[in-house]
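Participant:
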Amino acid sequence: MIIYKSKREIEKMNEAGTLLAECHKEIKKIIKPGISTLEIDAFVEHFLKKNGATPEQKGYQGYPFATCASVNDVICHGFPNKKKLKSGDIVTIDMVVNLNGWLADSAWSYTVGEVSEKAQHLLEVTERSLYLGIEQAVIGNRIGDISHAIQQYAESEGLSVVREFIGHGIGRSMHEDPQVPHAGPKGTGPLLKEGMVLTIEPMLNTGKRYVKIDDDGWTARTFDGSLSTQYEHTLAITKDGPLILTAQ
166 MIIYKSKREI EKMNEAGTLL AECHKEIKKI IKPGISTLEI DAFVEHFLKK
216 NGATPEQKGY QGYPFATCAS VNDVICHGFP NKKKLKSGDI VTIDMVVNLN
266 GWLADSAWSY TVGEVSEKAQ HLLEVTERSL YLGIEQAVIG NRIGDISHAI
316 QQYAESEGLS VVREFIGHGI GRSMHEDPQV PHAGPKGTGP LLKEGMVLTI
366 EPMLNTGKRY VKIDDDGWTA RTFDGSLSTQ YEHTLAITKD GPLILTAQ
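Counting in our numbering, the sequence shown tops out at residue 413, every number present.
1. What residue does the alpha helix (DSSP H) around Leu356 start on, and which one ends it?
2. Grouping DSSP H, G and I as helix and E and B as strand, with all else coil, what is Ile299?
3. Round the Cβ separation of Val256 and Ile195 to the nearest angstrom and send it over; I've been treating them as touching at under 8 Å.
4. Under the DSSP definition of a beta bridge, which residues are partnered with Glu341?
5. What did DSSP end up calling Arg307 once you bin it into helix, strand or coil?
6. Can you tell me whether DSSP reads Asp206 as helix, strand or coil?
7. Using DSSP with H/G/I as helix, E/B as strand and the rest coil, what is Ile192?
8. Under the rule that 16 or more other beta-carbon atoms within 10 Å means buried, what is Pro346, buried or exposed?
9. Three or more C-beta pairs under 8 Å: does that hold for the stretch 396 to 404 against the stretch 166 to 185?
10. From Met260 to Met178, what does the alpha carbon distance come to, in whole angstroms?
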C-alpha cells in the first residue's frame, strides 16, 4: 500500500533530508587516506545526536551500525571497520536519518585521494544516472520510466545495473511501497502521483551485475570483484516536479 504524504509531512521529511545532506557535506571534508570507515560511522552518529536526530539503520533487523560503508567491490550494506582507507579507494556512505519521527535516506560515493579513470567514470555515470531517473519522477509517469532511464544510460556507458537492491517508498518507515527498480521497461509499474515520497538509488558495476553476500549476511559484493558505487536521494512527487529532499 502506497502511503501518500501531505505538504506538511513532506516539509517534515525535508527537514530530515536537509540534516542528512549537511552530514554528507561534513563527511566529504574528513574522507582522506588514513581514516577508517568505523571512524566515519562514529562521526555520523555523533553529528546526528548533536542535531537531535538518530540513525534509523542502527538496530534495523539487527544491523549494528549508524551507516553502511561500502568500499571498492562492495555494492551496499558494507560494515564499517577499522581498516584505513587508502588513496585510490572509492567508498559509498549510506544512511537513514530519523528526525522527529520522519525519515530521509541518502547514499553518496566519495573518492579517497587520487582514483583511477575507471573509478572516476563509474562515479560520474552512477551520479548522472540517478539524476536521469529523478527527471522521470513526475506525475503521470510510471516507476518503469525511472528504471528505464537509469538502465539505458548506464549500459550505454558500458556499466551494469545491480538488480537485487532497489529504491523504495519512505516516510515514518524506512521501507514502504512502491518498490523502485533501477532497470526495466518504461511505461510499467505504479503510476506516479502527487504526495508519493520515494528513494532512487542506482548501484552500478564496472563488471557484471551479479552479487554475492559475505558471511556476515549483510555485505553485498560484486561477484567478479569489479568496482561498484551508488548514489541515492529521497524525493517527493509534487505538482511542480520532483522535489529532492536530500539535496546537497
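Quick reminder that beta carbons are idealized off the backbone N, C-alpha and C, glycines included.
The structure presented is a predicted model; accordingly, all values stated were derived computationally and were not measured.
Facilitator: According to the structure shown:
1. It is not in any alpha helix (DSSP H) - Leu356 carries neither H nor E in the DSSP assignment.
2. Helix at Ile299.
3. Between Ile195 and Val256 the Cβ distance is about 12 Å, and since that is not below 8 Å, they are no contact.
4. The partner list for Glu341 (beta bridge, DSSP) reads Gly334.
5. Assignment of Arg307 by DSSP, reduced to helix, strand and coil, places it in the strand class.
6. Helix at Asp206.
7. If DSSP states are grouped into helix, strand and coil, Ile192 belongs with the helices.
8. By the neighbour-count rule (16 or more Cβ atoms within 10 Å), Pro346 is buried.
9. Taking 8 Å as the limit for Cβ pairs, the verdict is that the stretch 166 to 185 does touch the stretch 396 to 404.
10. C-alpha separation (whole angstroms): 14 Å.
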